[in-house]
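Only one structure is covered here, and it is reproduced in the block below.
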Amino acid sequence: MVHFIGAGSGAADLITVRGQNLLKNADIVIYAGSLVNEELLSITKSDCKIYNSAYMTLEQITEIYTENRQKEIVRLHTGDPCLYGAIKEQMDILNENGIPYDICPGVSSFCGAAAALQMEYTLPNVSQTVIITRVGGKTPVPSNEDISKLAQHKATMVIFLSAGLLETLEQKLKQGGCRDDMPVAIVQKATWQDQKIVRCTVSTLSQCANKNNITKTALIIVGDVLGSDYERSLLYHPAFSTEFRKAEQQ
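The opening position of the sequence shown corresponds to residue 13 in the working numbering, with each subsequent residue numbered one higher.
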């Protein structure tokens with residue numbers, strides 16, 4: 013069986029208990045190169061075969077799946093495999109070959125980045141929506157998902173796979189109506205030991221990244237949720253009734 017596992021956002025102890033147990037029992041592990049903390053590989057069995065998918069094609073990965081049908085195979089992806097994990101094409105191949113598989117979710121780097129920033133993506137009367145996206149580069153994005161169009165919503169934005177395109181990102185955010193002083197955070201290698209956080213604004217995004225030598229492995233968070241103004245949540249407000257609590261008399 014093939015187990016797709018989210019390795020977590022970086023720190024080795026952020027893998028789930030289920031993922032850790034599957035990893036310990038694996039006969040074969042195919043991991044996503046430098047994006048996965050190699051400390052996790054130390055818990056595998058002594059005779060476990062380990063492959064780095066950074067040097068492999070889909071066809072080569074498929075060959076391992078098809079030639080080892082009776083073995084426990086772990087496909088170790090960064091973060092949670094449902095985001096930019098390219099697992100759909102792998103699952104389709106497994107379906108075609110009658111090879112069973114399952115998915116073990118992980119802590120995405122966008123969750124790790126929020127923890128590193130000690131922030132909340134959804135604040136009352138500021139933003140109740142999170143847009144997870146990336147800038148189109150060598151791999152394009154659908155035209156209706158261009159950053160300049162998504163930015164018009166003024167929702168919280170978490171931008172993956174774009175640290176090398178920050179001048180383009182800055183321009184597109186401005187085209188979408190983002191204020192020059194809208195808060196931005198750059199989080200490089202969230203939850204890793206060498207994590208780096210840079211706070212800036214839309215107009216200083218590329219400048220601050222260059223100053224801090226950030227060119228890859230970073231998330232860009234954009235939005236007023238990075239500021240200090242918001243309204244108190246009604247959920248715990250004494251004047252608000254819920255299924256479990258009646259509002260107090262004012």
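For glycine and all other residues, C-beta sits at the position ideal for the given N, C-alpha and C.
Candidates the options: closest to residue i by CA position
{"i": "Gln200", "options": "Ser21, Met13, Phe16", "result": "Ser21"}
{"i": "Ile55", "options": "Ser65, Thr203, Asp39", "result": "Asp39"}
{"i": "Gly31", "options": "Ile115, Ile144, Gln261, Asp192", "result": "Ile115"}
{"i": "Lys228", "options": "Leu246, Tyr113, Ile171", "result": "Ile171"}
{"i": "Ala221", "options": "Asp193, Ser174, Asp192, Tyr248", "result": "Ser174"}
{"i": "Leu231", "options": "Pro250, Arg211, Lys223", "result": "Arg211"}
{"i": "Ser242", "options": "Met131, Glu255, Ala202", "result": "The sequence shown places Tyr at residue 242, rather than the Ser named in the question. Of Met131, Glu255, Ala202, the residue nearest in Cα terms is Met131."}
{"i": "Cys60", "options": "Ala125, Gln72, Lys83", "result": "Lys83"}
{"i": "Asp158", "options": "Val29, Leu247, Ala167, Gly148", "result": "Gly148"}
{"i": "Phe16", "options": "Ala259, Leu106, Asp192, Glu75", "result": "Leu106"}
{"i": "Asn33", "options": "Ile85, Arg257, Asn225", "result": "Ile85"}
{"i": "Arg219", "options": "Asp104, Gln140, Gln183", "result": "Looking at the sequence itself, residue 219 is Gln, so the reference to Arg does not match. For Gln219, the nearest C-alpha among the options comes from Gln183."}
{"i": "Glu50", "options": "Ala163, Gln205, Lys166, Arg81", "result": "Gln205"}
Proximity of residue i and residue j at Cβ, strictly below 7 Å
{"i": "Gly188", "j": "Ser155", "result": "no"}
{"i": "Val14", "j": "Tyr113", "result": "yes"}
{"i": "Leu181", "j": "Val196", "result": "no"}
{"i": "Ala24", "j": "Gly124", "result": "no"}
{"i": "Pro136", "j": "Ser245", "result": "yes"}
8 Å contact criterion, which residue i and residue j should meet: CB distance rounded
{"i": "Val142", "j": "Leu185", "result": "The pair is not a contact, with the Cβ atoms about 16 Å apart (cut-off 8 Å)."}
{"i": "Thr90", "j": "Val138", "result": "Contact flag wrong, Cβ pair sits at about 29 Å."}
{"i": "Pro117", "j": "Gly239", "result": "No, Pro117 and Gly239 are not in contact; Cβ-Cβ is about 31 Å, not under 8 Å."}
{"i": "Val234", "j": "Cys190", "result": "7 Å"}
{"i": "Ala66", "j": "Gly97", "result": "Contact doesn't hold; Cβ gap of about 14 Å is too wide."}
{"i": "Ile209", "j": "Ala128", "result": "6 Å"}
{"i": "Phe122", "j": "Ile144", "result": "6 Å"}
{"i": "Ile73", "j": "Ile111", "result": "The pair is not a contact, with the Cβ atoms about 12 Å apart (cut-off 8 Å)."}
{"i": "Asn37", "j": "Thr78", "result": "With a Cβ gap of about 21 Å, Asn37 and Thr78 do not count as contacting."}
{"i": "Leu26", "j": "Val119", "result": "5 Å"}
Outcome for residue i when other beta-carbon atoms lying within 10 angstroms are tallied against a minimum of 16
{"i": "Leu70", "result": "exposed"}
{"i": "Leu177", "result": "buried"}
{"i": "Arg87", "result": "buried"}
{"i": "Ser253", "result": "exposed"}
{"i": "Gln102", "result": "buried"}
{"i": "Pro152", "result": "exposed"}
{"i": "Pro93", "result": "buried"}
{"i": "Leu247", "result": "exposed"}
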